[in-house]
Structures are given as C-alpha cells and as structure tokens.
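**Q** Sequences listed follow chains A and B, in order. Okay, so the first sequence: first residue is 61 according to this note's numbering, each after it adds one. Okay, so the second sequence: first residue is 61 according to this note's numbering, each after it adds one.
2 protein chains.
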Amino acid sequence: MTDSTPHQLLGLYDSPFVRRVAVTMKVYGIAFEHVSLSVFRHMDAMRPLNPLFKVPMLTLPSGEKLYESAYLLDYLDELAAERGLSPLTPRSGAERRQVQQLMALAIVATEKAVAIAYEHKRPAELHWADWTSRLRNQMRQAFTMLEERLDGNFLVGGRLTQADITTVAGIGFVRYILPHEWPAGAYPALERLADRLEASAAFTAVPLDE
Amino acid sequence: MTDSTPHQLLGLYDSPFVRRVAVTMKVYGIAFEHVSLSVFRHMDAMRPLNPLFKVPMLTLPSGEKLYESAYLLDYLDELAAERGLSPLTPRSGAERRQVQQLMALAIVATEKAVAIAYEHKRPAELHWADWTSRLRNQMRQAFTMLEERLDGNFLVGGRLTQADITTVAGIGFVRYILPHEWPAGAYPALERLADRLEASAAFTAVPLDE
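Below you can see the structure in the form of structure tokens.
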C-alpha cells in the first residue's frame, strides 16, 4: 500500500452497511477515498465500476474489489491487527461470539429498517401494510433485545467494539431515513450510546448525507 | 457438550441460509436436532422459541442461542478446528479472502433470489415487475461471476470450502422454489458443481422439503 493508491470505498453513507465500514476505517486510521455513487440514482456511473450494483464495495490498493460489509470488516480487522491495533471484533472465543451476537441483533434491526425503506420506494398503490408491520415488529424486537443487553457505555466488555458501531449505524439510518419509525424515548440506553458515538470523530467524519 | 443435549437448528431447509448451516454440520459430523418450523406458517410455535422470527437459529448445548448464518458458520468452524478438522473457511490471509469473496457472490445471488420469492408472496395486485426485474439482473450477474471463476471441481483451491456449500445451497433454492428463474444451461460449470454436491452425503441428509 502506498499513499498514492489508497483504499476506495464505494457507496453512499445513507446505507448503514457502507457507513459502518467507513466508521471502522476512521477508527483504525486507514486512509480511503469515498466514491459517493448510489445504486439507484447513479446507475450509469455505477455499472462499469460495480456491475453487481452491490454496496459497500471496497477496492484495495492492489485493485482487488471486496463485497459484503461483514467481509470488508473482517479484512480491515486483519489489517488493523497487522498494524498492532486491537481489532473491533475479537479474533476468537467467547468474546468474539458475544460481539457477533449483539451485531446479529443490530443487523436484524438494520436489515428490517432497510426493507421498510425499500417498501417506501414502491409506487404508492403497491405498498403492503401487512409486510411493513411484520418488518416493524422484527426491527423493534431486535432493538428491544439490544436495549436489554446494554449496561454501561458500550455493548460488550466496556470498550468500543463492532457491535457498537453496527448498532449506531443502524440507529442513525432509522433516525435519518425513517424518523417516524424511531419511537423516541423507547430505547433510552441505545439513544445515549448513539448520541455519544455520533458525536465522536469517527462518526462525524462520515456524515449520513455524503 | 454431551450426547443428551445436542445442538438444535431451527428453520426449514427451504431457506438456503438454514440449509448451508445444516450441510456444514453434516460435513463436520456435528450431531444436531432439526426443529422444522416456518417463520411464516408456524408463528405461534415460533414466537416463544424465537421472538425475533429469524432463522437459522442455533441453540448450543449450553442453551445459548445464535443468530445469523455467517456467525453460526464462524462458530462451527471454530468448533471443527478444536476437533482437529480443517475449517471450511480458512482462518486468515489471502485464502480466507478468496473463499469469502466467492461466498459474497453466492450470498448476493441467494439474497436476490429470496427477495424474488418474497415478491411472489405478496398479493398479486401488489407485485412490482420493475423490482423483480432488478433483482433478477443482480442474481444473474452474481451467478455469471461465479460461473466465470469456477475452474475445476471446486471454487477455491481444489477442495470443498464454504464457497461451494453456500453456492450450491443458493442454486438448490432457486431450482426448488423458483425453477422458472433458473436458466437451464446458462451456467454449465455451476450446474455440474450443484449436481455433484447435491448427490453427496452431506446434502442428501438435508433435503429441501424438511
């Protein structure tokens, strides 16, 4: 890796899966260029770069292109460990499983929120209220389970982990894109976590409208 | 772990994400009970076990419940390594990234196929043809990229990896649930891989209709 060919991250930060990768790179201090293209609004520009229309996509200094935010994070954790940093997801054992399982709840909440947003993209006459209701119930159940597990400043082990980043990226998405779906006051511990992390350098460097 | 409290896997095998976990446990020789409940058809029985309505869910001998098939596989890989088996996803480095990136393509293809199946679940008057068409294009692009990378009997390194299992679980889902969406003859190398693995002991032990 040289300074002249940094990592490139493709996708808008209004995608919580793009944003969690960007925040992780900021926490690790890994430089990258952000390519702000939408898979919906910039299809002609996206196609030659990313014919799969899948974001986030991370282009490595070698030119290799990586897909799936979970695997991007896995790669970044390995890179960070090589540089002597403590990985945001522990490498093995019980603590790894604990972080992964809180992330799993955050991923369920986030995926259901994204699915509600997709439902809103449909022509109005093609909306299906039963489906949105099912998604909403799952999203709220996942946030409730996270709220119950949050005791202190961080979700796991009293320090920042990927569980916190993924959770706060999901909450940020709901509040920004679907504010009427965020029941203010229902998740006080999660709100405190989100407000604190959104004010941190890594999150403010990755604004939702970029 | 004792024989009297094996692992329990919740979810139907017509979910490709449940099935890839079940096949992985068969390959590793990890005994488990299969709890065949649908998140749609068995909601009353599902609720007390799994209020998140998220499958697969793996209950460990300790009683701990794990969500997200990627994390279930990660746990199983660690368990297999403890038992002296070679993990289906390499633990680090270039080979790990290679397996993950072929899995990423399989996951995109599979998720888009699942989304097409969800579109079919909607009342007929709420179908959106433009959306199905977008999903179909992404699914086919991902299968095309897998077809181009498959050279020999396995996707990576001449041996069975999780890339093969996830790919074949995805193809099995499309052929079983959405047969009209599988363009027969378009992906000859993938078809040979799928036919060969579907005939193997691990896949035949996990039939799509269970």
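Every residue gets a Cβ at the ideal spot worked out from N, C-alpha and C, and that includes glycine.
1. Under 8 Å between C-beta atoms, does B/Met61 make it to chain A?
2. List, in order along the chain, the chain A residues whose C-beta lies closer than 8 Å to that of B/Ser146?
3. By the 10 Å Cβ neighbour count, where 16 or more other Cβ atoms means buried, how is B/Tyr135 classified, buried or exposed?
4. What would DSSP say about A/Lys114, mapped onto helix, strand or coil?
5. If we call anything under 8 Å between Cβ atoms a contact, is B/Val87 one with B/Leu70?
6. So which residues of chain B does A/Val168 contact, with C-beta pairs closer than 9 Å?
7. Determine the chain A residues that contact B/Ala164 at a beta-carbon separation under 7 Å, and present them in chain order.
8. Here's a check: name, in chain order, each residue in its chain whose Cβ is nearer than 7 Å to the Cβ of A/Leu132, leaving out the five neighbours to either side.
9. Evaluate contact between the segment 224-237 of chain B and the segment 252-262 of chain B, counting only Cβ atoms and requiring at least three cross-stretch pairs below 8 Å.
10. Pick out whichever of A/Ala169, A/Ala173, A/Tyr178 and A/Leu220 has its Cα sitting closest to the Cα of A/Ser146.
11. Consider the C-beta atom of A/Leu112 and the heavy atoms of the ligand MG; say whether any pair is separated by less than 7 Å.
12. Is the CB-CB distance between B/Asp7 and B/Tyr236 below 8 Å?
13. Could you tell me how far apart the beta carbons of B/Leu268 and B/Gly232 are, in whole angstroms, since I believe they sit closer than 8 Å?
14. Would you report the Cα separation of A/His180 and A/Ala173, rounded to the nearest angstrom?
15. Buried or exposed for A/Asp20, please, with buried defined as at least 16 other CB atoms from any protein chain shown within 10 angstroms of its CB.
16. Compare the C-alpha of B/Glu124 against each of A/Arg143, A/Ser122, A/Gln158 and A/Pro150 and name the closest.
17. Going along chain B in order, which residues have a C-beta closer than 9 Å to the C-beta of A/Arg182?
18. Output, in chain order, the set of chain A residues within a Cβ distance shorter than 9 Å of B/Ser96.
19. So what's B/Glu142 in DSSP terms, helix, strand or just coil?
20. Helix, strand or coil: which one does DSSP assign to B/His240?
**A** Taking the geometry as given:
1. As a first step, residue 61 of chain B must be located in the second sequence, where it is residue number 1. Reliability fails at B/Met61, whose pLDDT of 46 lies under 50, so the model's placement of it is uncertain and the value that follows must be treated cautiously. Not one chain A Cβ lies under 8 Å of B/Met61.
2. Position 86 of the second sequence, counted from the first residue, corresponds to residue 146 of chain B. Neighbourhood of B/Ser146 in chain A, by CB distance below 8 Å: empty, with the nearest CB roughly 16 Å away.
3. Within the second sequence, numbered from 1, the residue matching residue 135 of chain B stands at position 75. The residue is buried, with at least 16 neighbouring Cβ atoms inside 10 Å.
4. Locating residue 114 of chain A in the first sequence gives position 54, counting from the first residue. Coil at A/Lys114, not helix or strand.
5. For this step, residue 87 of chain B is matched to residue 27 along the second sequence. For this step, residue 70 of chain B is matched to residue 10 along the second sequence. Not in contact: B/Val87 and B/Leu70 (Cβ atoms no closer than 8 Å).
6. Here residue 168 of chain A is taken as the residue at index 108 of the first sequence, counted from 1. Within chain B, the C-beta atoms nearer than 9 Å to that of A/Val168 come from Leu112, Lys114, Tyr127 and Glu128, in chain order.
7. The residue you call residue 164 of chain B lines up with position 104 of the second sequence. For B/Ala164, the C-beta contacts it makes with chain A under 7 Å involve Tyr127, Glu128 and Tyr131, in order along the chain.
8. Working through the first sequence from its first residue, we reach residue 132 of chain A at position 72. Sequence-distant Cβ neighbours of A/Leu132 in its own chain, meaning closer than 7 Å and more than five residues away, are Val81, Pro116, Leu118 and Leu126.
9. With three or more CB-CB distances shorter than 8 Å, the segment 224-237 of chain B counts as touching the segment 252-262 of chain B.
10. Translated into the one-based positions of the first sequence, residue 146 of chain A becomes position 86. Nearest to A/Ser146 by alpha-carbon distance, out of A/Ala169, A/Ala173, A/Tyr178 and A/Leu220, is A/Leu220.
11. Ligands in the displayed structure: none, and consequently the ligand MG is not present.
12. An answer regarding residue 7 of chain B cannot be provided, because it is not within the stretch 61 to 270 covered by chain B.
13. Sequence index remark: in the second sequence, residue 268 of chain B carries index 208 (1-based). Sequence index remark: in the second sequence, residue 232 of chain B carries index 172 (1-based). That belief holds up - the Cβ atoms of B/Leu268 and B/Gly232 are roughly 6 Å apart, short of 8 Å.
14. Locating residue 180 of chain A in the first sequence gives position 120, where the first residue counts as 1. Locating residue 173 of chain A in the first sequence gives position 113, where the first residue counts as 1. So the alpha carbons of these two residues sit roughly 11 Å apart.
15. Look at the range of chain A in this structure, 61 to 270, and you will see that residue 20 of chain A is not part of it.
16. Walking along the second sequence from the start, residue 124 of chain B turns up at place 64. Cα-wise, what sits closest to B/Glu124 is A/Gln158.
17. Here residue 182 of chain A is taken as the residue at index 122 of the first sequence, counted from 1. Simply Leu186, Trp188 and Trp191.
18. Here residue 96 of chain B refers to the residue found at position 36 when the second sequence is read from its first residue. Chain A residues near B/Ser96: none, gap ~21 Å exceeds 9 Å.
19. What you label residue 142 of chain B is simply residue 82 of the second sequence in a count that begins at 1. B/Glu142 falls in the helix class under three-state DSSP.
20. For the purposes of this step, residue 240 of chain B is identified with residue 180 of the second sequence, where counting begins at 1. Reduced to three states, the DSSP call for B/His240 is helix.
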